[in-house]
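FYI, the numbering for the sequence shown is 1 to 276, going by the UniProt record's numbering. Yeah, the Cβ is synthetic: ideal placement off N, Cα and C, and Gly gets one too. Since the structure is predicted, the reported quantities are computational estimates derived from the model, not experimental observations.
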Amino acid sequence: MAIRGLDYDFGKEPASTYTNVQHPDLRADFIMANPPFNMKEWNTGVDDNDPRFKYGQPPAGNANFAWMQHMLHHLSADGSQALLLANGSMSSTTNNEGTIRQALIENDLIECMVALPGQLFTNTQIPACIWFLTKNKTARTDKAGRKLRDRKGEVLFIDARNLGYMKDRVLRDFTRDDIEKVADLYHAWKTGTEVNGIAYEDQAGFCKSATLEEITKHDFVLTPGRYVGATEELDDGIPFGEKMATLTTKLSEQFAESAMLEAEIKNNLAGLGYEL
Numbered sequence: 001m002a003i004r005g006l007d008y009d010f011g012k013e014p015a016s017t018y019t020n021v022q023h024p025d026l027r028a029d030f031i032m033a034n035p036p037f038n039m040k041e042w043n044t045g046v047d048d049n050d051p052r053f054k055y056g057q058p059p060a061g062n063a064n065f066a067w068m069q070h071m072l073h074h075l076s077a078d079g080s081q082a083l084l085l086a087n088g089s090m091s092s093t094t095n096n097e098g099t100i101r102q103a104l105i106e107n108d109l110i111e112c113m114v115a116l117p118g119q120l121f122t123n124t125q126i127p128a129c130i131w132f133l134t135k136n137k138t139a140r141t142d143k144a145g146r147k148l149r150d151r152k153g154e155v156l157f158i159d160a161r162n163l164g165y166m167k168d169r170v171l172r173d174f175t176r177d178d179i180e181k182v183a184d185l186y187h188a189w190k191t192g193t194e195v196n197g198i199a200y201e202d203q204a205g206f207c208k209s210a211t212l213e214e215i216t217k218h219d220f221v222l223t224p225g226r227y228v229g230a231t232e233e234l235d236d237g238i239p240f241g242e243k244m245a246t247l248t249t250k251l252s253e254q255f256a257e258s259a260m261l262e263a264e265i266k267n268n269l270a271g272l273g274y275e276l
């Protein structure tokens, strides 16, 4: 943090935030985090009745929902949080994770889910997603001065897996336009107004505003692909019969060309003394 020139307060001493909370009275308006994915053996010394885990006890073998609930505990009454987690967090039903996710959904804490493309990180190939949670979905003016609409009972799903570009052979990155596309869409959905010329509407294959009833029908799975559907194919205006006639003619030509090549190869092999 110091190298980046950012203000910080890690507390009085080095400690596990699970067993020795350094900021017990913190109630933040916004929390952003990229915790370790799927961290194991995190709960040594943690009380089973810890008040932070009001939506369910996270499994000892995976800290994803421990991080999430720890941050929720430290949000203000109108606070919001965003955290990056492994994709498994959106659908896992292992060791109480499905029960915790269901409780978060039923308490209307989930605001937006974003599925990310692969190959974004240098240190892991695990696919990731962004969870946006909030404690208050009612119509109000936020700290940035934006007038938010009432979003109770709604969750925005964005499938951003096809965004970005390969910056080298192994790493993908987002362009500024990619980032603005997602951010503007998210704020347009929250406010119900145009943001940088973008008004929110569902887009097949990319985004969907779903109700809690729809999520319940999907067994509380939060994978965006389940909700946004497939991308709409553009109609090229060519009648089906005409299109099939063109395709079958082309296929016939390719078969004929294949037969000619096959005969030529056989002749060449025969000239070398090899008969097929």
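Are the stretch 175-194 and the stretch 255-271 in contact at 8 Å, needing three or more beta carbon pairs?
Touching, no, given that fewer than three Cβ pairs across the two stretches are closer than 8 Å.
Quick one: using the 10 Å Cβ neighbour count with 16 as the cut-off for buried, is Ser252 buried or exposed?
The C-beta of Ser252 has fewer than 16 other C-beta atoms within 10 Å across all chains shown, which makes the residue exposed.
Pull up the CB-CB distance for Arg146 and His187, whole angstroms please, since I reckon it's below 8 Å.
With a contact defined as Cβ atoms closer than 8 Å, Arg146 and His187 qualify at about 7 Å.
Cα-Cα separation, Thr223 to His73:
Rounded to whole angstroms, the separation of the alpha carbons of His73 and Thr223 is 24 Å.
By DSSP's criteria, Met166 is part of a beta bridge. Which residues make up the other side?
Paired residues: Arg172.
If I measure Cβ to Cβ from Arg172 and keep anything under 6 Å in the same chain, skipping five residues before and after, which residues do I get?
Once the five neighbours on either side are set aside, the close Cβ partners of Arg172 are Pro117, Gln119, Leu120, Gly164 and Met166.
Report the option in Gln125, Asp219 and Cys129 whose CA atom is closest to the CA atom of Val114.
The shortest Cα separation from Val114 among Gln125, Asp219 and Cys129 belongs to Cys129.
What separation, rounded to the nearest whole angstrom, lies between the Cα atoms of Cys112 and Lys243?
Each residue's Cα considered, the two are about 41 Å apart.
With a CB to CB cut of under 6 Å and the five nearest residues on each side skipped, what residues in its chain are close to Val155?
When the five nearest sequence neighbours on each side are left out, the beta carbons in the same chain lying within less than 6 Å of the beta carbon of Val155 are those of Ile110 and Ala210, in order along the chain.
Determine contact between the stretch 7-14 and the stretch 27-35, defined as no fewer than three beta-carbon pairs at a distance below 8 Å.
Output reads no: the stretch 27-35 does not touch the stretch 7-14.
C-alpha gap between Pro51 and Val170, whole angstroms
Distance between Pro51 and Val170, taken at the CA atoms: about 42 Å.
My parser needs the beta strand (DSSP E) runs of 3 or more residues fully inside the stretch 202-254; what are they?
Whole beta strand (DSSP E) segments, 3+ residues: 207-211.
Judging by CA-CA distance, which residue of Leu85, Asn107 and Asn95 is the nearest neighbour of Ile126?
Minimum Cα distance to Ile126 is reached at Leu85.
Trp131 (DSSP reduced to helix, strand or coil)
In the displayed model, Trp131 falls within a strand according to three-state DSSP.
For the candidate residues Ile158, Met71, Ala270 and Lys135, whose alpha-carbon lies nearest to that of Lys152?
Nearest of Ile158, Met71, Ala270 and Lys135 to Lys152, Cα basis: Lys135.
Which value, in whole angstroms, describes the spacing of the CA atoms of Asn43 and Asn96?
In this structure, the straight-line span from the alpha carbon of Asn43 to that of Asn96 is close to 15 Å.
As assigned by DSSP and simplified to three states, the class of Glu111
Three-state DSSP puts Glu111 in a strand.
Given Tyr227, which residues of its chain have a CB within under 6 Å of its CB, disregarding the five upstream and five downstream residues?
Contacts found: Phe157, Lys208 and Ala210.
One or two residues paired with Thr141 in a DSSP bridge:
According to DSSP, Thr141 bridges with Lys147.
Pick helix, strand or coil for Leu276, following the three-state DSSP scheme.
The DSSP-derived three-state label of Leu276 is coil.
One or two residues paired with Glu32 in a DSSP bridge
According to the sequence shown, residue 32 is Met rather than Glu. Residue pairing by DSSP places Met32 opposite Ala82 in a beta bridge.
With H, G and I counted as helix, E and B as strand and the rest as coil, what does DSSP make of Leu185?
Note: Leu185 maps to helix in three-state DSSP.
Alpha carbon to alpha carbon, what distance is there between Asp7 and Thr138?
If I take the Cα positions, the gap works out to 31 Å.
Rounded to whole angstroms, what's the CA-CA distance from Glu214 to Asp78? Just pull it up for me.
Looking at the two C-alpha atoms, the distance is approximately 25 Å.
Identity of the residues DSSP links to Asn154 by a beta bridge
It should be pointed out that residue 154 corresponds to Glu in this sequence rather than to Asn. Beta-bridge partners of Glu154 (DSSP): Thr211.
Quick check on this structure: which residue in Ser80, Gly241, Ile105 and Asn20 has the alpha carbon closest to the alpha carbon of Ser91?
Minimum Cα distance to Ser91 is reached at Ile105.
Rounded separation between Thr94 and Leu261 - CA only
Rounded to the nearest angstrom, the two C-alpha atoms are 56 Å apart.
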